[in-house]
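At position 237 of the sequence shown (counting the first as 1) the number is 237 in full-length UniProt numbering, and the numbers step up by one without a gap.
Notes to accompany the following structure.
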Amino acid sequence: MEYTHEPYQKTVGEAWGASLAEGDTINLSSTRGEATSTTMRTFLALCILYFFTRVEFASCQSTAEPRWLFAFGDSYADTGSTFNSTASWHVPYGVCWPGFPTGRFSDGFVQTDVLASTLGLVSPTPLREVCEKLMFTLLAGVNLAYAGTGVPPRSGWTDYPGMEDTVGIFSSLVTLELFTPEVLRRAVVFVSFSGSNATSNASTLEDLFALSPEVPLLIEKNLRTLYSLGLRNFIVTSLTSVNCVPESAQMTNYTGCAKNASVDELIANHNQLLGIRLANLTTELQDSSVLYLQQTEALSYVAQNSAQFNFTEGFKPCCTGHCGKVDEIGTPLYTVCANPEEHVFFDHLHPTEAGWRAVVGLYDTDSKFTQFATSLTAWLGTSNPRAENTRITYLVFFRG
């Protein structure tokens with residue numbers, strides 16, 4: 001597979017994020033686990049304050065109105081919102097594109113990027129880069145997904161925000177009137193919680209079963225909040241295929257999915273309850289449009305039929321060991337394959353870009369993997385497509 005990405009350039013926002021992370025004045029993330037939800041809010045407040053003290057605005061009218069994308073979720077959706085101590089900011093992540101780490105848990109693109117490309121949208125700006133994007137160009141959306149998070153905040157942890165925290169941050173952006181009502185009405189919301197971090201909220205399988213009905217309810221609650229803020233179009237994924245990811249498949253020597261009926265039952269219960277909650281939204285919220293992506297089945301299908309998608313490894317990850325980690329003298333604690341594009345998975349949990357392209361391709365070509373619409377692009381064509389010929393475009397003038 002050839003990688004035909006646009007050139008990636010490190011941004012001022014990334015450099016600023018790095019300096020803050022390593023600085024003595026504002027310690028955002030000197031070690032993994034210090035990027036608290038409070039810190040995220042503080043970072044956003046500092047960013048907005050910095051922005052409004054440096055620029056003046058003028059506005060003009062534009063007739064071209066692109067659809068924006070807003071993302072919420074965990075590492076399956078995160079395109080670089082975490083801070084620099086996270087493994088995804090270290091080699092070998094980003095090995096295929098752009099050739100260095102960008103905060104994505106993949107060799108290149110993650111699901112959010114591939115989904116955006118399939119829909120003809122721009123992949124949304126990670127939260128940590130919002131400040132710079134506000135200053136130098138128009139946003140095409142915001143990615144508030146955060147690797148390691150869950151729907152409820154992780155029990156005993158303060159460093160990973162729950163979905164309600166990130167929805168609260170988004171609400172602050174709306175309050176600042178960074179998006180017009182028309183932008184919000186036509187925007188696409190992508191919500192992807194893989195479930196790989198659910199065990200942090202439960203010590204036993206029984207606890208996980210008790211958590212199962214709570215998570216779909218919380219997702220529904222947060223989607224209703226987003227609806228109240230003006231958003232109307234929602235894409236939501238089911239859980240990952242827990243028994244098929246390499247972390248589980250290693251029990252079969254990477255020859256197939258692990259066999260765990262209890263886990264299968266738990267996932268099926270969650271996915272069914274989430275489908276019911278999403279169906280409620282479509283009937284109760286006027287002018288809403290919902291697409292439910294069957295991620296569990298799609299990822300399982302790609303892994304178990306890997307040759308159909310030109311993969312040589314359906315279950316064995318490209319990166320084995322402690323990906324992104326080195327010992328005290330800098331020796332990698334992992335090994336990386338020479339052909340990531342031939343692996344469905346890049347590490348113990350996360351697909352390669354090629355893996356994500358195969359999964360998203362199923363969403364767009366096979367109706368078995370979508371609910372409430374026959375495909376991704378078919379859904380997009382019916383989800384509040386009308387565009388008003390008015391848009392506020394900010395022209396930025398820096399004060400001397």
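Where a beta carbon is used, it is the ideal one built from N, C-alpha and C, also for glycine.
Model, not experiment: these values are computed from the prediction.
Bridge pairing for P181: absent [DSSP].
One thing to note: Y76 has its Cβ within 7 Å of the Cβ of S194. Selection E247, E265, L217 evaluated against G275 yields L217 as nearest (Cα-Cα). Per the coordinates, the alpha-carbon of L266 lies some 28 Å from the alpha-carbon of F309. Scanning G150, E129, H348, T149 for the CA closest to the CA of A140 turns up E129.
Under the 10 Å beta carbon count, Q371 is surrounded by 16 or more other beta carbons and is classified as buried.
Remark: C-beta atoms of G314 and A303 approach each other more closely than 7 Å. Collapsing the DSSP output to three states places H348 in coil.
In this structure, the straight-line span from the alpha carbon of D287 to that of F345 is close to 38 Å. Beta-carbon to beta-carbon, G162 and V151 are separated by about 6 Å, close enough to satisfy the 8 Å threshold. For H322, the three-state secondary structure derived from DSSP is strand. Under the three-pair Cβ rule at 8 Å, the region 354–368 counts as touching the region 294–301. For I235, the closest alpha carbon among the candidates L115, F100, D78 is that of L115.
Closest in C-alpha terms to Q111, from the list T282, L380, P351, comes P351. Nearest in C-alpha terms to W356, of all of A279, F105, A373, S81, is F105. Taking D113 as the centre and dropping the five residues before and after it, the same chain places the C-beta of T79, S123 closer than 7 Å to its C-beta, in chain order. DSSP places S75 in the coil class of the three-state scheme, outside both helix and strand. The beta-carbon distance between S289 and N233, rounded to whole angstroms, is 5 Å. This is short enough to meet the 8 Å contact definition.
Contact check for F190 and L69: beta-carbon distance about 6 Å, within the 8 Å limit, so the pair qualifies.
Nearest C-alpha to S212 among D264, N384, C319: D264. Rounded to whole angstroms, the separation of the alpha carbons of E342 and F311 is 4 Å. Per the coordinates, the alpha-carbon of L144 lies some 27 Å from the alpha-carbon of T283. Across the structure, R185 and N384 are spaced so that their CA atoms are roughly 7 Å apart. Rounded to whole angstroms, the separation of the alpha carbons of L285 and E177 is 23 Å. Counting the other CB atoms within 10 Å of its CB gives I329 a total below 16, which places it among the exposed residues. The beta carbon of R224 is closer than 8 Å to those of L281, L285 in its chain, skipping five residues each way along the sequence. The three-state reading of DSSP puts P332 in strand, counting E and B together. No residue range can be given for N260, since it is assigned to no alpha helix (DSSP H) and is classified by DSSP as neither H nor E. Residue range 233–237 is occupied by the beta strand (DSSP E) that includes F234. In the three-state scheme derived from DSSP, where H, G and I count as helix and E and B as strand, S367 is classed as helix. Assignment of G141 by DSSP, reduced to helix, strand and coil, places it in the strand class.
Here T335 is exposed, its C-beta having fewer than 16 other C-beta atoms within 10 Å.
With contacts defined as CB atoms closer than 7 Å, C318 and P340 qualify as a contacting pair.
Annotated three-state conformation of F109 is coil, per DSSP.
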